[in-house]
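Note sheet for the following structure.
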Amino acid sequence: ELITAANGDYGQMHKIPAINNAPSIQRLNAEKIKLKQKLSDYATRYGNKHPTTIKTKSEINALTRTIHEEIDTIIAHLQTNYAQKTKLIDNIKTEIDSISKETLENLEEIMAINEIERHIESKTQMYLKTIQAMQQINLEELGNEELNVISYAVPPLYAIAPNKRLIVILGTFLAFSIGIIIAIIREKTNLSIHSTGHIEQITGLPCFGLIPAVSPQKGERLSSYLVKNPTSMVAESIRTLRMAINLQGPKKPKIINVTSSLSGEGKTTISTWISTSAAKSGKRVILIDCDLRRPNIHRFMGHKNELSIVEYLSGKADLQDVIKKDPSTGLDIIYARSVPSSAMDLITSDKMQTLLEKLEDYYDLIILDTPACLAVSDARALATYADLTLYTVKWGETTAPTLSIGTKQFKDLNVKMATILTNVDVVRQARYGYASTVEYYEDSDKN
2 ELITAANGDY GQMHKIPAIN NAPSIQRLNA EKIKLKQKLS DYATRYGNKH
52 PTTIKTKSEI NALTRTIHEE IDTIIAHLQT NYAQKTKLID NIKTEIDSIS
102 KETLENLEEI MAINEIERHI ESKTQMYLKT IQAMQQINLE ELGNEELNVI
152 SYAVPPLYAI APNKRLIVIL GTFLAFSIGI IIAIIREKTN LSIHSTGHIE
202 QITGLPCFGL IPAVSPQKGE RLSSYLVKNP TSMVAESIRT LRMAINLQGP
252 KKPKIINVTS SLSGEGKTTI STWISTSAAK SGKRVILIDC DLRRPNIHRF
302 MGHKNELSIV EYLSGKADLQ DVIKKDPSTG LDIIYARSVP SSAMDLITSD
352 KMQTLLEKLE DYYDLIILDT PACLAVSDAR ALATYADLTL YTVKWGETTA
402 PTLSIGTKQF KDLNVKMATI LTNVDVVRQA RYGYASTVEY YEDSDKN
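In structure tokens form, the structure reads like this:
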């Protein structure tokens, strides 16, 4: 209702809590405030027609458009989520009404049976009283005549009432109905992804498999897990993922753009593991941290990011100075630094495209670890450079609406895409009908 009332007015949309409190909107608004302060200072110092003042105005306009685009994305997400949950509630109500109607009909039948039983019992009592009265009359007429026992009374095999069998059937039916209702509600309200088939059904994109969740030992870095556990389930699943990537057409993808819907869905871990696995197999591989807003690979690897891709793209350092080598795997890495205000300008620059072309001549595989696509548009820009965009989906956390909105952004760009299910709890996964997959990886792990 608030979105409808705003009627396309971005100023009114800013007042909607879900939009105003969004981290991306707050960050962009903060940048805009800083630019406005600069504009005021430049206008006072140089005048409105000075190039610096004009450039700052252009930056503010561009940032405003970015804010509007971000608001549109958030609104689309909210509307989709609202529509799906409304439809879900309607479906649940329909199913509950149907089950309630069936239960009511059965209860009416049971009540009718009980009424018949009461009627029979009443008639039986009247009959017994009549027989008893007739026997009393006969005894009085016989007087002292000798009586002979013709037959003995036979005790009944079962009680006439209450009808225990009917009660058991009714109780079983009600318990079964309630169980079905609870199961339907739990299934319908759980929107998170739990299988590769679910991903393919929602997105229409191929899913290259699943990556099991791991718990490193105390003091062990997750980045070095494959090196220390080369025969583990995770190592085998990463090798399977690499094989699936290499089978994409006659020309193997060389530049791979790794992204996700939101942060924390495993894209940095997958980027590092693919790079490490390929490097250990003898390939020339370079991993580039392209998240210039919240860089993470240097922390993930336990290194410093003193010289990064930012210095190279800004012309402050040479390429050989920013490439670092991991001695345990032979993997080359280019780290990043946080420069939110100029991140988009740097990754869409001609120098970035030239860098990738230069690296493509030497390396067998180039992995780009990019920001989450629903937070910023950097990943979409980098997807145009890549041969394949690999979209990570976190098991049990990424929701169907989020996945649908995120992948649609790349489909609109007409880029080649695939997905991968990450952080899978293999024990719980077996309950969703994928026990054979789990057993395969476990057998591989034992061998």
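Read left to right, the sequence shown gives residues 2 to 448 (our numbering). Glycine included, C-beta positions come from ideal geometry on N, C-alpha and C.
Taking the continuous beta strand (DSSP E) assigned at Y392, which residues delimit it?
389-395
Give the straight-line distance between the Cα atoms of C374 and R381, rounded to the nearest whole angstrom.
The alpha-carbon of C374 is positioned some 7 angstroms away from that of R381.
Quick check on this structure: which residue in L242, L288, I246, L223 has the alpha carbon closest to the alpha carbon of K417?
I246
Measure the C-alpha to C-alpha separation of T423 and A63 and round it to an integer number of angstroms.
36 angstroms
With the cut-off set at 8 angstroms, would you say L391 and V235 are in Cβ contact?
no
Decide if E106 is buried, meaning its Cβ has at least 16 other Cβ atoms within 10 Å, or exposed.
exposed
Cβ atoms of L223 and I239: under 8 angstroms apart, would you say?
No. Outside cutoff.
Since T408 and L263 should fall inside the 8 angstroms C-beta cutoff, what is the C-beta to C-beta distance between them, to a whole number of angstroms?
Between L263 and T408 the Cβ distance is about 13 angstroms, and since that is not below 8 angstroms, they are no contact.
Chain-order list of residues whose beta-carbon lies under 8 angstroms from that of I100 (same chain, five-residue window excluded):
S178, I181, I182
Whole-Å CB distance - Q354 paired with Y313, under 8 angstroms assumed:
Wrong, their Cβ atoms sit about 13 angstroms apart, outside the cutoff.
Y11 burial status per 10 Å Cβ neighbour count (16 or more: buried):
exposed
For K326, the first and last residue of its enclosing beta strand (DSSP E)
K326 -> beta strand (DSSP E) spans 324-327.
Where H195 and I93 are concerned, what is the direct C-alpha to C-alpha distance, given to the nearest angstrom?
21 angstroms
Between which two residues does the alpha helix (DSSP H) harbouring L206 extend?
Neither: L206 is in no alpha helix (DSSP H) and is coded neither H nor E.
Any idea if T74 is buried or exposed, counting beta-carbon neighbours within 10 angstroms, 16 or more meaning buried?
So T74 ends up on the buried side.
Specify the secondary structure class of N424 as computed by DSSP and reduced to three states.
strand
Under the assumption that I348 contacts L383 (Cβ atoms under 8 angstroms), give the Cβ distance between them as a whole number of angstroms.
Sure, about 6 angstroms apart at Cβ, within 8 angstroms.
From P231, W396, Q38, pick the residue whose C-alpha is nearest to that of T57; which is it?
Of the listed residues, the one whose Cα sits closest to T57 is Q38.
Beta-carbon separation (whole angstroms), T336 vs K326, contact threshold 8 angstroms:
The question names Thr, yet the displayed sequence has Tyr at residue 336. Contact flag wrong, Cβ pair sits at about 12 angstroms.
Select from P328, D333, S329 the residue whose C-alpha is nearest the C-alpha of L320.
D333
Separation of P296 from Q218, as counted between CA atoms:
25 angstroms
Where does N49 fall in DSSP's three states?
DSSP places N49 outside both helix and strand once states are collapsed to three, so it counts as coil.
Looking only at its own chain, which residues have a Cβ that is under 7 angstroms from the Cβ of S437, when we skip the five neighbours before and after it?
Any reading at S437 must be qualified, since the residue scores a pLDDT of 43, below 50, and its modelled position is unreliable; the value itself is stated next. Contacts found: none.
What residues match up with S342 in a beta bridge as DSSP calls it?
Residue pairing by DSSP places S342 in no beta bridge whatsoever.
Using CA atoms only, rank isn't needed, just tell me which of T232, W396, E32, D362 is closest to Q430.
W396
Can T273 and L293 be called in contact, C-beta distance under 8 angstroms?
no
Please list the segments of the alpha helix (DSSP H) lying wholly inside the stretch 243-295, counting only runs of 4 or more residues, in order along the chain.
268-281
Can you tell which of T95, L29, G316, S405 has its C-alpha closest to the C-alpha of L79?
The candidate whose alpha carbon is nearest that of L79 is S405.
Which residues mark the beginning and the end of the beta strand (DSSP E) in which D333 is found?
Unbroken beta strand (DSSP E) run through D333: 332-335.
May I ask which residues mark the beginning and end of the beta strand (DSSP E) holding D370?
In the DSSP assignment, D370 falls within the beta strand (DSSP E) that extends over 366-370.
Give the DSSP-derived three-state secondary structure of A373 in the structure shown.
Note: A373 maps to coil in three-state DSSP.
Using three-state DSSP, classify S378 as helix, strand or coil.
coil
Taking 7 angstroms as the cut-off, is the C-beta of T277 nearer than that to any heavy atom in the ligand NAD?
Ligands displayed in this structure: none; no statement on the ligand NAD is therefore possible.
For G283, count neighbouring Cβ atoms within 10 angstroms of its own Cβ and tell me buried if that reaches 16, exposed if not.
exposed
In this structure, what does DSSP give as the bridge partners for M418?
T390
Out of S261, D290, S315, point me to the one whose CA is closest to K305's CA.
Nearest C-alpha to K305: D290.
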